[in-house]
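S.K.: Quick one: the structure is below, and I'll ask about it shortly.
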Amino acid sequence: MSATTLLDHARRLHRETPDGPLFREGYPFPDEDTHRYIPRRKRRREPDSDGVQSARILAGYFARPDAVPDELADALHEVYPIFDHHDLIAGAIPAQDHERARRTGRWLVRTAMDRCAVRVGLALLGAVGEPEDIPVIQLIGLLSKVFGPLSAHAVERIATGPEALIWLAERVTGWGRVYVVETLCRLGDPGANRWLLRQAVDGDYLNRYFAGEVAMAAGLHEVLDEFEHDPELVEHTGRLLGVMAESECMGMTLEHYPHAAAVIEAHARHA
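Start counting the sequence shown at -19; every next residue gets the next number (our numbering).
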């Protein structure tokens, strides 16, 4: 096991590219050796097995007042890992133990050297975290292929506006960008929509999963009159349309985008 925490790994790489994605999305991770081989007991994923197993471990942990977070690291590595928000994780937190759950989540995210434990720490912060936890959640979220969904959910629940999610979206690519952009689409926030319509597409192949969702959720067809004085919107609309034209079997295509004709016509006039 590496002596480097996942958070320190993300912090070091972030210093090298503070305004963009981490080099190679942070790979290889310090715990790579322990995750190249998946033990047989973790290989088969039954329905909800990730949440059930992790929640069971957490329930046992919270049932023992003298248990310490360090005990969770090895135990969580032995079960199928969680990848996204799971209600069972929040349900494992006793009503009277939110402060202890918060401390545990913070310890796991900041100190754990194994990605399985960090994921559960993020899930705990997604359930009971506070605004002061956002900078750490953002930082670990830069390792977005592994921690993107949990980080995006935690920031969405804790933050009072879209700024923290936009900060993360601007510094991730690939699957990480898919997770964060889809979260921004759910917000229905004017600030989030403005960013989505001008910067969501970054040229990655996986943009095809969310381009149509961006156009619909952010109301692209409702801002066509802004083309006259917003070249950034015009340029990004062209990129959105181009991605949607190639999104078959991945996301919404132009054929299924109900406002395609109006948007294409307006874009053609201003491009």
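Where a beta carbon is used, it is the ideal one built from N, C-alpha and C, also for glycine.
Thinking just about the alpha-carbon of each residue, which of Glu150, Ala107 and Val108 is nearest to the one in Gly121?
M.R.: Locating residue 121 in the sequence shown gives position 141, counting from the first residue. Of Glu150, Ala107 and Val108, the residue nearest in Cα terms is Glu150.
S.K.: Please report the residue range of the alpha helix (DSSP H) in which Gly71 lies.
M.R.: As a position in the sequence shown, residue 71 is number 91, starting the count at 1. Here the alpha helix (DSSP H) through Gly71 covers Asp67 to Gly71.
S.K.: Please go through the same chain and pick out, in chain order, the residues whose beta-carbon is closer than 8 Å to the beta-carbon of Leu(-7), but skip the five residues on each side of it.
M.R.: The residue labelled residue -7 in the question sits at position 13 within the sequence shown. Around Leu(-7): Leu2, Phe3, Gly6 and Leu122.
S.K.: How is Glu228 classed by DSSP in three states: helix, strand or coil?
M.R.: The count along the sequence shown starts at 1 and reaches residue 228 at position 248. Correct three-state label for Glu228: coil.
S.K.: Distance, Cα to Cα, Gly199 vs Gly192?
M.R.: Against the sequence shown, residue 199 aligns to sequence position 219. Against the sequence shown, residue 192 aligns to sequence position 212. Distance between the alpha carbons of Gly199 and Gly192 is about 11 Å.
S.K.: Buried or exposed: where does Cys165 fall if 16 or more other Cβ atoms within 10 Å of its Cβ makes it buried?
M.R.: Residue mapping note: residue 165 aligns to position 185 of the sequence shown, counting from 1. Buried, because 16 or more other Cβ atoms sit within 10 Å of the Cβ of Cys165.
S.K.: How close, in whole Å, do the beta carbons of Leu213 and Arg178 come, if the pair is a contact with beta carbons under 8 Å?
M.R.: In the sequence shown, residue 213 corresponds to position 233, counting from 1. In the sequence shown, residue 178 corresponds to position 198, counting from 1. Confirmed, Cβ separation roughly 6 Å.
S.K.: Kindly list the residues whose CB is nearer than 6 Å to the CB of Ala180, restricted to its own chain and excluding five residues on each side of it in sequence; keep chain order.
M.R.: Counted from its first residue, the sequence shown places residue 180 at position 200. Within the same chain, Ala180 has close Cβ partners Val161 and Val194.
S.K.: Thinking C-alpha only, which one of Ile114, Glu112, Gln76 and Asp64 is nearest Cys96?
M.R.: Taking the first residue of the sequence shown as 1, we reach residue 96 at position 116. For the residues Ile114, Glu112, Gln76 and Asp64, the minimum Cα distance to Cys96 belongs to Asp64.
S.K.: What is the residue span of the alpha helix (DSSP H) that Ile120 lies within?
M.R.: Along the sequence shown, read from residue 1 onward, the residue named residue 120 stands at position 140. Per DSSP, Ile120 belongs to the alpha helix (DSSP H) from Ile114 to Gly121.
S.K.: Using the rule of at least 16 other Cβ atoms within 10 Å of the residue's Cβ for burial, across every protein chain shown, is Tyr237 buried or exposed?
M.R.: What you label residue 237 is simply residue 257 of the sequence shown in a count that begins at 1. Classification of Tyr237: buried, given that the 10 Å Cβ count is 16 or more.
S.K.: What's the C-alpha gap between Gly168 and Ala197?
M.R.: In the sequence shown, the residue the question calls residue 168 occupies position 188. In the sequence shown, the residue the question calls residue 197 occupies position 217. Cα to Cα, the separation comes out at about 7 Å.
S.K.: Leaving aside the five residues before and after Glu245 along the sequence, list all residues of the same chain whose C-beta is less than 6 Å from its C-beta, in chain order.
M.R.: Locating residue 245 in the sequence shown gives position 265, where the first residue counts as 1. Closer than 6 Å at the Cβ level, and outside the excluded window around Glu245, lies no residue.
S.K.: Determine the direct distance from the alpha carbon of Gln76 to that of Asp113, and round the result to whole angstroms.
M.R.: As a position in the sequence shown, residue 113 is number 133, starting the count at 1. As a position in the sequence shown, residue 76 is number 96, starting the count at 1. Those two C-alpha atoms are separated by around 20 Å.
S.K.: What's the gap between the Cα of Arg23 and the Cα of Pro10?
M.R.: Start at 1 with the first residue of the sequence shown, and residue 23 comes out as number 43. Start at 1 with the first residue of the sequence shown, and residue 10 comes out as number 30. Because the pLDDT at Arg23 is just 45, under 50, the model does not fix this residue reliably, and the value given afterwards should be weighed accordingly. When rounded, the distance between both Cα atoms is 22 Å.
S.K.: Under the three-state reduction of DSSP, which class applies to Arg23: helix, strand or coil?
M.R.: Numbered from its first residue, the sequence shown carries residue 23 at position 43. With a pLDDT of 45 at Arg23, under the threshold of 50, the predicted position of this residue should be treated as unreliable, and no value is reported.
S.K.: Taking the alpha helix (DSSP H) that Phe127 falls in, what are its first and last residues?
M.R.: Translated into positions along the sequence shown, residue 127 becomes position 147. Ser124 to Ile138 is the extent of the alpha helix (DSSP H) around Phe127.
S.K.: Keeping to the same chain, check which residues put their C-beta closer than 7 Å to that of Ser34; ignore five residues upstream and five downstream.
M.R.: Counting from one through the sequence shown, the residue named residue 34 turns up at place 54. Correct list, in chain order: Leu56, Val59, Ile62, Ile69 and Val100.
S.K.: What three-state label does DSSP hand Ile62 in the structure shown?
M.R.: Sequence index remark: in the sequence shown, residue 62 carries index 82 (1-based). Looking at Ile62 - three-state DSSP - the assignment turns out to be coil, as it is neither helix nor strand.
S.K.: Go ahead and pull the three-state DSSP assignment for Met196.
M.R.: Sequence index remark: in the sequence shown, residue 196 carries index 216 (1-based). Looking at Met196 - three-state DSSP - the assignment turns out to be helix.
S.K.: Can the beta-carbon of Thr84 be found less than 9 Å from the beta-carbon of Pro111?
M.R.: Counting from 1 along the sequence shown, the entry for residue 84 is found at position 104. Counting from 1 along the sequence shown, the entry for residue 111 is found at position 131. It is not a contact, given that the beta carbons lie outside the stated cut-off.
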